[in-house]
Amino acid sequence: MRYRFSPGGGTPQGLRRHGVARHSQQVAAYFRALGLPREFRLACRMAVSARAEAQLFELVHLNQALPVPIDLAQVEALLHLYFGHCQDLTFRRILLGRGPGPQPDPGSGPVPAAVAYLPTMADEKLLERILHALLNAGAAPPVGGAAGDAVRWVGERQIPAPETDEIARIHEAAQGIAEGKAVLFIQGAPRALGFDVAGGPQRAISESKTQRVVRGPREGFVESLNVNLTLIRRRIRDPRLRVDLLTVGELTRTRVAVAYLATICKPSLVEEAKRRIRRVKVDGVLDSGQLMEFIEDTPWTIFPLIRATERPDAVAGGLLEGRFAVIVDGSPWVLLAPSTLIDLIHSPEDYFERFPAVVLVRGLRVLFALVALFAPSLYVALTTFHREMIPTNLLLSIMAAREGVPFPAVLEALIMELGFEIIREAGVRMPSQLGQSVSIVGALILGESAIQAGIVSAPMIITVAVTALAVLMLPDFSATVALRILRFPLLLLAGTYGAYGLALGGAALLIHLLSLRSFGTPYLAPFGPLLPADMGDTFLRIPHWLQRRRSAAVEQLDAHRAGQGLKPQPGPRPGRGGSP
2 MRYRFSPGGG TPQGLRRHGV ARHSQQVAAY FRALGLPREF RLACRMAVSA
52 RAEAQLFELV HLNQALPVPI DLAQVEALLH LYFGHCQDLT FRRILLGRGP
102 GPQPDPGSGP VPAAVAYLPT MADEKLLERI LHALLNAGAA PPVGGAAGDA
152 VRWVGERQIP APETDEIARI HEAAQGIAEG KAVLFIQGAP RALGFDVAGG
202 PQRAISESKT QRVVRGPREG FVESLNVNLT LIRRRIRDPR LRVDLLTVGE
252 LTRTRVAVAY LATICKPSLV EEAKRRIRRV KVDGVLDSGQ LMEFIEDTPW
302 TIFPLIRATE RPDAVAGGLL EGRFAVIVDG SPWVLLAPST LIDLIHSPED
352 YFERFPAVVL VRGLRVLFAL VALFAPSLYV ALTTFHREMI PTNLLLSIMA
402 AREGVPFPAV LEALIMELGF EIIREAGVRM PSQLGQSVSI VGALILGESA
452 IQAGIVSAPM IITVAVTALA VLMLPDFSAT VALRILRFPL LLLAGTYGAY
502 GLALGGAALL IHLLSLRSFG TPYLAPFGPL LPADMGDTFL RIPHWLQRRR
552 SAAVEQLDAH RAGQGLKPQP GPRPGRGGSP
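So this is what it looks like as structure tokens:
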């Protein structure tokens, strides 16, 4: 017996062509009813021409006013056109009105409906509860009536959905499905209903790996916008905490939240932030670092004008000072603005320890930040141009160590700085089990080998090593990157002009910092301009019971932080008879 096979008849490609042909008829009927001849002709050719399907999709994507079809077959065909017949689009047909409840009209039967969603973007448990509630509904939904009838019917059925939206356009339905919603279509109803069932796997809340503290909360932000907002609201439990949601990115449709305290943060500051975010017109935003480059005051600086943090307690503290926070969905880093240079040396742990210890630690951070920036350049300038400023015994020791080194001090410093940068980057990029050991062993072996080979001197290795360790004392990673970059031009200036070049580079750096602004706030505040009221929380930190006013560098509606008479003191002693 001989068998005949149609080309591709039973293959997945053949089944897909049959599905496209079926959808082509439904889409053509939809556009014919709307009176759109061009779209109708392309829909008729969609089954035999991939180019016609692509052109039809472009027209449908641009025309965002297309209504939701009242026929479920047309709805399914249009959704497959939007999503390109992808395999993860689920179109589940159900019958409404089959439950045990009373029927208002004995002649009315179950109404066909369908739920469209992406399983990879939805919370399966919540979706199953919604479907269970819909299938067990007693009365059938009204169709073809007023626009709010279907919404009212869903409310009467007590659907367990956190948020329900009425959808009138098929483009809105497709966009909602892509964002993780489940959309309910009812046969004969001119509108659809969207249920917020966004979910799926996500990272658990854990401690921040880049901003660790010895004393303080252990929670860190994750990649979920809702979870991050929850972490902030747990710390500020007040209705004055406002959250405004925006969307950025034509393709990614990234949700962005702007959080602030209504009675503290200045409204003009919030409006300026939202204006800058709305101005961003790009195809996608994947992280808060990308958004930061679009909304900062000036791009021509290596210093971070907006503070980024992974710690909810740091964000809550900034909101209490009159700042605002920008939370980007998909990023564990939250932006906090306005920001100043002094914020880069502050750690969240500073506000949980006693103030004498904080004064000491902050002083060390400032000292070693200057060491990390100027130590190699100062060593080069002194050993090259100003040897008379070095004590004689120390100078003789340095000259003896440099005997036989073939390079000048500036080139020697550049070689060592580049070597340490290579070791640092290699340790970061390698697996965590090997990164630390490779960094330590690599530094020891290369340094010892370089000394024995006479390429560099021991004092230079000590200077560069101390500089590399000093950078790590700063709690903000962006600040450490800025100092690491600035060391190279300062080295060249010191090797060329000595102390004069170093002074010239320092003056240029100071002028640059004085010119920077973060949402209108001077970057060097409270030192430039001088604000004596803010000196209590700069290099020092006065006790909490003395901090009665908020920072004057950031404009607020209410500068009052706490009342008077908060200094701790013992209560009245009881009398001789035992009564107070």
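Here my numbering is used: the first residue of the sequence shown is 2, the next is one more, and so on.
The beta carbon of each residue, even a glycine, is placed where N, CA and C say it ideally should be.
Predicted model only: the values in this text are computed from it and were never measured.
Hey, could you find the ends of the beta strand (DSSP E) residue i is sitting in?
i, result
"E404", "Element bounds for E404: n/a, residue is neither H nor E."
"F186", "182–187"
"I95", "91–97"
"G319", "Element bounds for G319: not the beta strand (DSSP E) but the alpha helix (DSSP H), 313–321."
"V112", "112–118"
"L336", "335–338"
"Y261", "255–262"
Classify residue i: buried if its beta carbon has 16 or more other beta carbons within 10 angstroms, exposed otherwise.
i, result
"P107", "With a pLDDT of 43 at P107, under the threshold of 50, the predicted position of this residue should be treated as unreliable, though the coordinate-derived value follows. With fewer than 16 other Cβ atoms within 10 Å, it is exposed."
"N137", "exposed"
"F478", "exposed"
"A147", "Bear in mind that a pLDDT of 47 at A147, under 50, signals an unreliable position, so the number given afterwards is only what the model happens to contain. Answer is exposed; the Cβ neighbour count stays below 16."
"P527", "buried"
"H24", "buried"
"P573", "exposed"
"T299", "exposed"
"R199", "Residue identity differs from the one stated: residue 199 is Ala in this sequence, not Arg. The residue in question, A199, is buried, as its Cβ has 16 or more Cβ neighbours within 10 Å."
"S289", "buried"
"D284", "exposed"
"Q88", "exposed"
"Q27", "buried"
"L484", "buried"
"G506", "buried"
"R363", "buried"
"T121", "exposed"
"N229", "buried"
"P460", "buried"
"K238", "The amino acid occupying residue 238 in the given sequence is Arg; Lys does not appear at that position. Looking at its Cβ environment, which holds fewer than 16 other Cβ atoms inside 10 Å, R238 is exposed."
"I584", "In this structure the chain extends from 2 to 581, so residue 584 is not present and cannot be described."
Should residue i and residue j be called a contact, given that it needs their Cβ atoms to be closer than 8 Å?
i, j, result
"S378", "L492", "yes"
"A410", "G499", "no"
"L320", "A260", "yes"
"A179", "F196", "no"
"T310", "Q212", "yes"
"P1", "R130", "Any question about residue 1 goes unanswered here, given that the chain covers just 2 to 581."
"G534", "R518", "For the record, residue 534 in the displayed sequence is Ala; it is not Gly. Going by C-beta atoms, A534 is not nearer than 8 Å to R518."
"Y352", "G323", "no"
"P333", "E220", "no"
"A373", "V472", "yes"
"A51", "A29", "no"
"L246", "R170", "no"
"V244", "I278", "no"
"L386", "P544", "In the sequence as presented, Leu is not what sits at residue 386; that position holds Phe. It is not a contact, given that the beta carbons lie outside the stated cut-off."
"V21", "A55", "no"
"T255", "G331", "yes"
"L532", "A554", "yes"
"R542", "V359", "yes"
Rounded C-beta distance between residue i and residue j? I'm assuming under 8 Å.
i, j, result
"T384", "Y524", "So it is not a contact: roughly 34 Å between Cβ atoms."
"V286", "V316", "19 Å between Cβ atoms; not a contact."
"F369", "M474", "5 Å"
"E418", "R488", "6 Å"
"R235", "T264", "That pair is no contact at about 20 Å."
"F520", "L361", "With a Cβ gap of about 32 Å, F520 and L361 do not count as contacting."
"A326", "I307", "About 10 Å separates the two Cβ atoms, so there is no contact after all."
"A563", "Q548", "7 Å"
"V215", "E297", "Not really, about 32 Å apart at Cβ, beyond 8 Å."
"L57", "E40", "6 Å"
"E167", "L194", "6 Å"
Using beta carbons (cut-off 8 Å, strictly below), is residue i in contact with chain B?
i, result
"L337", "Of the protein chains in the structure, only one exists, and it is not chain B."
Note the first and the last residue of the continuous alpha helix (DSSP H) segment covering residue i.
i, result
"T231", "226–234"
"L514", "500–516"
"G364", "356–385"
"T464", "459–472"
"A554", "No alpha helix (DSSP H) holds A554; DSSP gives it neither H nor E."
"E208", "Element bounds for E208: n/a, residue is neither H nor E."
"E1", "Nothing about residue 1 can be reported from this structure: the residues present for the chain run from 2 to 581 only."
"G177", "171–179"
"L127", "125–136"
"G290", "289–296"
"I423", "410–430"
Exercise for the section: Please confirm if the region 71–85 is in contact with the region 162–177, defined as three or more CB-CB distances below 8 Å between the two stretches. Expected result: Output reads yes: the region 162–177 touches the region 71–85.
Problem - Three-pair Cβ contact test at 8 Å for the region 500–520 versus the region 345–365 - result: no
Problem - Stretch pair the region 84–99 + the region 113–123: three plus CB contacts closer than 8 Å - result: Three or more Cβ pairs drawn from the region 84–99 and the region 113–123 lie within less than 8 Å of each other, which places the two stretches in contact.
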